[in-house]
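Chemist: Residue numbers (my numbering), protein chains in the order written: chain A, 31 to 505; chain B, 3 to 502.
1. Run down chain A in chain order and give the residues with a C-beta less than 8 Å from the C-beta of residue 71/B.
2. Per DSSP, which residues does residue 78/B bridge with? Please list them.
3. Under three-state DSSP, which class holds residue 56/A?
4. Counting pairs of Cβ atoms below 8 Å between the region 459 to 467 of chain B and the region 348 to 358 of chain B, do you hit three or more?
5. Closer than 6 Å by C-beta to residue 164/A: which residues in its own chain qualify, once you throw out the five before and the five after it? Chain order, please.
6. Which residues in chain A have a C-beta closer than 7 Å to the C-beta of residue 177/B? List them in chain order.
7. In this structure, what does DSSP give as the bridge partners for residue 304/B?
8. CB-CB under 6 Å to residue 42/A, same chain, minus the five flanking residues each way: which ones, in chain order?
9. The beta strand (DSSP E) with residue 157/A in it runs from where to where?
10. Rounded to the nearest angstrom, how far is the Cβ of residue 394/B from that of residue 477/B, given a contact under 8 Å?
11. Please determine if the region 239 to 257 of chain A and the region 188 to 208 of chain A are in contact, where contact requires at least 3 C-beta pairs separated by less than 8 Å.
12. Check the DSSP bridge columns for residue 217/A and list the partner residues they point to.
13. Identify, in the order they occur along the chain, each residue of the same chain with its Cβ nearer than 8 Å to the Cβ of residue 162/B, setting aside the five sequence neighbours on each side.
14. Ordered along the chain, which non-local residues of its own chain (more than five positions away) have a Cβ less than 6 Å from that of residue 317/A?
15. Just verifying my parser: in three-state terms, what is the DSSP assignment at residue 62/B?
16. Can you list, in chain order, the residues of its chain whose CB lies under 6 Å from that of residue 23/B, leaving out five sequence neighbours each side?
17. Quick check: residue 102/B and residue 34/B, are their CB atoms within less than 9 Å of each other?
18. Could you please give me the residues that DSSP links to residue 92/A through a beta bridge?
19. Note down, in chain order, each residue of its chain lying with its Cβ closer than 8 Å to the Cβ of residue 434/A, except the 5 sequence neighbours on either side.
20. Does the Cβ of residue 257/B have 16 or more other Cβ atoms within 10 Å, making it buried, or fewer, making it exposed?
21. Counting only the same chain and skipping the five closest in sequence on each side, list residues whose C-beta sits under 7 Å from that of residue 365/B.
22. Beta carbons nearer than 8 Å to chain A: which residues of the region 169 to 195 of chain B have them?
23. Does any CB atom of chain B fall closer than 9 Å to the CB of residue 165/A?
24. In the DSSP assignment, what are the bridge partners of residue 134/B?
25. Does residue 494/B have its Cβ less than 9 Å from a Cβ in chain A?
26. Measuring CB atoms only, is the region 385 to 401 of chain A touching the region 488 to 501 of chain A, in the sense that at least three cross pairs come out at less than 8 Å?
27. To which residues does DSSP link residue 381/A through a beta bridge?
28. Would you say residue 166/B faces chain A, with C-beta separation under 9 Å as the test?
29. My understanding is that residue 170/B touches residue 445/A, with C-beta atoms under 8 Å, so please give their C-beta distance in whole angstroms.
30. Would you say residue 427/A lies against chain B (beta-carbon separation less than 9 Å)?
31. At a CB-CB cut-off below 9 Å, which residues of chain A make contact with residue 311/B?
32. Give the range of the alpha helix (DSSP H) segment to which residue 446/A is assigned.
33. One question on the structure: do residue 412/A and residue 420/A come within less than 9 Å of each other, judged by their Cβ atoms?
34. Should residue 225/A go down as buried or exposed, given a rule of 16 or more other Cβ atoms within 10 Å for buried?
35. Taking the alpha-carbon of residue 63/B as reference, which of 181/B, 443/B, 84/B, 432/B has the nearest alpha-carbon?
36. Could you confirm whether any beta carbon from chain A is found closer than 9 Å to the beta carbon of residue 60/B?
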């Protein structure tokens, strides 16, 4: 392997590290009165990173198999890059606030560093690289959550996240050590053939799932989600719910499909129960929320339950439906969070009851929000319908029809609370609605990208087929 | 480019056109032009279909075309029509055309109203041309969800509750349906090979009986919710009563037929064994729908509630006839779909017009309206007579055919159910004539009503279009019933192949 090939295989990670270091240095060089320049330059720089990483590279491995890169993992990283790019576009308005003037650079650097950790995690070929990637992705997030350091909620959320995150990492590591004890290796390729449903492996697996369940916020490991989402700045919440969760889902599926391939019965049973719990509890709690961030937190918990249905399908179909769903989820959820952020910055409103009468004053934002909510609920013709339908198809391919029945019942419940927001914006009357405002240009661009994604990713079957061809090569 | 795809394309282009126009006048003109083209297309389709069949074409479906959409899952965009879908497309085109005229004075957010209304129609047209269950399901949900906004924003009375109740019940139904469709898909290749959503392909496969028993009730109830199957009918009275006029027309006139059509084309046709095994359960439920709906209508004071309960009763009759599973009864069921679609659209249009003048729908607050608005009064009475099954109108043709077909069963259960259901005709006469007697005839109760005016030109156009259909079917029933009968043969063949 030549040096250049190594660089190509590591293109996502290297570019991200370069970008992050570049942003830190640029931030140091800027005089205080010109600090806001960092916002646009970072966004543009990241856009360039995103485009450069798109170069197709054939698969390969590095560092003695610790780092596995192939077309599919490359595509997953591209999805995460895209999501972060959209989030950067949405962050401008928030970062320009006076109290953030001295720490704008850190915002971008921290996000990019966590993203690097996630990329390493997705490409990991052994449990050690996986764990290091996971930790790199977790610890800086606490700093981001506590970004509004003088708001007690934000600081509290940061502390909650770091404590619980440490606990879950411990549990996860304990599980990994048991699996190491049972199989004698930390390399995925060595573990896979020798693994059997022995008590030690099952115990280790349960610990592993508990640790991952925390990152993906599956019930009953979800208790941190609502508080942290509510306390963190809106853009960071968007990052947590889309990028953080997405990366964890990707590697979770990869490990289940490769490492634990031989004990499929064990993990399908565990996932069955988790899926039912996650969908149901997430939905029931979402109904009662008025704060839009808490609302989206519980909605994203419920969505994680649906994703598990895709994982149940296993094989290339399962992997394809998950990646496809998460691509759609990026556009959908970021549209919802983008609108929430725009409204919060302009008016300070972050409750659903405060959205009443929004259509009269801000019709475009309301329409984007409605589109996003319909996509989350899985209503045609928007992309969410296709995403969810294929997740169900994936579960159906293994004959889990009762599970699908539970899932569709949950989808109907979720429609109820998504419609409550639509009702607030379009139907309810309000004497003092959020007054008309114009959001920054970057925010409008980001919402346009999201709306286009919501509209076309579903119809464009080519994207689905492309992912199918990528995962077909692996599973 | 397949000509059938125009039925989806024209409404979509109309929607785009409306987006770029403003104000009530501009939008309604675009809507009328779009739906007028749609009506002409539908008329052309009817004549084309008759010509093709007349020339001896024996294909089950005509104008079939097939595009691969998601190759790896074998999801295709397949369209094609037979006599049944042609007649339902024609019905839809007539009702939506009349519906646009019925919303002529929609001054609150007119652009959004027409966009949502036509989006709903897009779903309906797409549903009737689809031969692939995936696109069928997509269009089905597309037809349901705009209802929420249409009722919630432009409705009257307890509209938020009604809109939410209707949407959740219908989407709950479609959730069950989704499981049923996935079941059909994954049992479509018993000998290996690719799974398929294509109805014509699925009709060649024999699904295992055990699987049929699990998936048939899900599919039937899933579609049945939209057909107001007892006990899942409760969305219908509230929803129809709160909806704006054009939406009630389209919903009761066409959308409820989506449910019945789905029960016929998907549930019974593709899973005949389970259908005949479980028919007795659903015959009982639909008999309750018919009788209960009719009695429910007697008790109502609100004109829209009367008509909504009457719809529960009449659409229940369609499902009842489908479950009889013989040629005459099923033919009657399809006739009833068309006939009830026209009648109920006419009723809701008239009720909307009357309400627009009197600002009440309570029949006890009105009286003697025939004197001040003779045109609307006569139309209402004619519609009522059609509804109670007077010969010369479409209702008589459809109901007679259904009862003939149902009575062909020789066993006690079917006979008893039929006799029970026939008795609903009497009840229908009671509620129709009672309502007419109270609010149309007699003395004028409210002096203010003396100042009211009769129908304007666009209202006349809207009602006359529908009335022509009703009388046309009543006088020349063979024309329509031949169109349908020709297409029933594959259905009957499949039933007899698996049942006897």
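Note that the Cβ used here is the ideal one computed from N, Cα and C, for glycine as well. Being a predicted model, the structure only gives us computed values, none of them experimental.
Modeler: Judging by the given coordinates:
1. Simply 491.
2. DSSP output for residue 78/B lists 70/B as bridge partner(s).
3. When DSSP states are grouped into helix, strand and coil, residue 56/A belongs to the helix group.
4. As far as the Cβ criterion goes, the region 459 to 467 of chain B touches the region 348 to 358 of chain B, which means the pair count is three or higher.
5. Correct list, in chain order: 151.
6. Here the neighbours are 438, 439, 441, 442.
7. DSSP lists 364/B as partners of residue 304/B.
8. Hits under 6 Å: 83, 107, 149.
9. Note, residue 157/A: premise wrong, no beta strand (DSSP E); alpha helix (DSSP H) at 157 to 175.
10. Their Cβ separation, rounded to whole angstroms, is 7 Å, which keeps residue 394/B and residue 477/B in contact under 8 Å.
11. Contact between the region 239 to 257 of chain A and the region 188 to 208 of chain A is present, because at least three Cβ pairs lie under 8 Å.
12. Bridge partners of residue 217/A: 156/A.
13. For residue 162/B, same chain residues with a beta-carbon under 8 Å away, outside a window of 5 residues either side, are 154 in chain order.
14. Excluding residues up to 5 positions away in sequence, 447 lie with their Cβ nearer than 6 Å to the Cβ of residue 317/A in the same chain.
15. In this structure, residue 62/B counts as coil in the three-state DSSP scheme.
16. 29, 32, listed in sequence order.
17. Yes, the pair counts as a contact, with Cβ atoms nearer than the cut-off.
18. In DSSP, residue 92/A forms a bridge with 97/A.
19. Close CB contacts of residue 434/A within its chain, under the 8 Å cut and outside five residues either way in sequence, are with 339, 422, 425, 426 (chain order).
20. Around the beta-carbon of residue 257/B, 16 or more other beta-carbon atoms lie within 10 Å, marking it buried.
21. Excluding its 5 nearest sequence neighbours in each direction, residue 365/B has C-beta neighbours in its own chain below 7 Å: 303, 305, 437, 440, 441, listed in chain order.
22. Answer set for the region 169 to 195 of chain B: 169, 170, 173, 174, 177, 178, 180, 181, 184, 185, 187, 188.
23. Nearest CB-CB separation between residue 165/A and chain B: not below the 9 Å threshold.
24. The bridge partners DSSP lists for residue 134/B are 200/B.
25. No, its Cβ sits nowhere closer than 9 Å to a Cβ of chain A.
26. Segments in contact, no.
27. DSSP lists 321/A as partners of residue 381/A.
28. Closer than 9 Å to some Cβ of chain A, the Cβ of residue 166/B qualifies, so yes.
29. Indeed they touch by this definition, with Cβ atoms about 7 Å apart.
30. Closer than 9 Å: yes.
31. Within chain A, no residue comes near residue 311/B; the closest Cβ sits about 25 Å away, beyond 9 Å.
32. Residue 446/A -> alpha helix (DSSP H) spans 431 to 456.
33. It is not a contact, given that the beta carbons lie outside the stated cut-off.
34. Around the Cβ of residue 225/A, a 10 Å sphere holds 16 or more other Cβ atoms; the residue is buried.
35. It is 84/B whose Cα lies nearest to the Cα of residue 63/B.
36. Not a single C-beta of chain A is nearer than 9 Å to the C-beta of residue 60/B.
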